[in-house]
Amino acid sequence: MLFPGAAPAAEPRSVAVAVAANLKPAFEEIAARFQAAHPGVEVRATYGASGTFFAQIANGAPFDLFLSADAEFPARVVAQGLAEGKAFTYAIGKLVVWVPKDSRVDLQGKGLQALADPSIERVAIANPEVAPYGRAARTALERAGLLPALQARIVTGQSVAQAAQFAGSGSAQAAFLPLSLTLVPPLSAAGRTWAVPATSHEPIEQAGVVLRGARQPALARELATFLRSEAARGVLLRNGYALPGE
28 MLFPGAAPAA
38 EPRSVAVAVA
48 ANLKPAFEEI
58 AARFQAAHPG
68 VEVRATYGAS
78 GTFFAQIANG
88 APFDLFLSAD
98 AEFPARVVAQ
108 GLAEGKAFTY
118 AIGKLVVWVP
128 KDSRVDLQGK
138 GLQALADPSI
148 ERVAIANPEV
158 APYGRAARTA
168 LERAGLLPAL
178 QARIVTGQSV
188 AQAAQFAGSG
198 SAQAAFLPLS
208 LTLVPPLSAA
218 GRTWAVPATS
228 HEPIEQAGVV
238 LRGARQPALA
248 RELATFLRSE
258 AARGVLLRNG
268 YALPGE
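For the sequence shown, counting from 1, position 178 maps to 205 in the numbering used here; every step adds exactly one.
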């Protein structure tokens, strides 16, 4: 109830961000820091597969900022005239194979060839068509000559988050995942990882872009700048990413 002459309370400003699923642990902290530095601002993050977000943005989804797991989808946003300015690289992702702690497979000794072990009935990856980490996993299997042999064992999640769920639930005995998701519970406590050599796939350059249809373009630009600040870069490092330019 307003008293006579009282001004209505200002509604909080919000910035809507489409965020690649691998980034969730880091972005939650980055968003909290951004909100602390911008009182009255709310960061509304939606997490999912980058290719799915691209399709939604192309169809007019009301996002202000797009943070992809690769550079390709933001480049396509720019090419279609849906971006405000150029895309920017904010992190370099790392791909790992995760297995339960009690797994007998010798990833350290045999590398990807260890996945041919009969104890591995299912290998989880994210959908290569929409998830860049899934694309990198498929490339690594192809280059190792393992894809034909393992094809029938592969279970596909619509995003890396779903692939991680397959691993955590025991539905898959191994999973190709972003390092970032394996550094936090439940996977950090339940398993161990092996780093897939970066030469096994194309670099996972994670890029973002402010969208031309942004309802809060100024806030989107501020958040994009903050993502490249020393504070945010420190969060990204702690969450298993490499940084551009280093």
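Ideal Cβ positions, reconstructed from N, Cα and C, are used throughout, including at glycine.
This structure is a prediction, so every number in the text was calculated from the model and none was measured.
Residue burial is scored here from C-beta neighbours: Arg265 has fewer than 16 other C-beta atoms within 10 angstroms and is therefore classed as exposed. In this structure, Lys128 lies away from Ala191, with their beta-carbon atoms at least 8 Å apart. Assigned with DSSP and collapsed to three states, Gly218 falls in strand. The C-beta of Gly195 has 16 or more other C-beta atoms within 10 Å across all chains shown, which makes the residue buried. Across the set Ile147, Ala110, Phe61 and Glu169, the C-alpha of Ile147 shows the shortest separation from the C-alpha of Ser130. In the structure shown, Glu69 falls within a strand segment according to DSSP collapsed to helix, strand and coil. Looking from the CA of Val68, the closest CA among Ser77, Ala58, Tyr74 and Ala76 belongs to Ala58. The beta-bridge partner set that DSSP reports for Arg40 consists of Val68.
In this structure, the beta-carbon distance from Val150 to Ala199 falls below 8 Å. Collapsing the DSSP output to three states places Ala234 in a strand.
Taking the CA atoms as reference points, Gln62 sits about 36 Å from His228.
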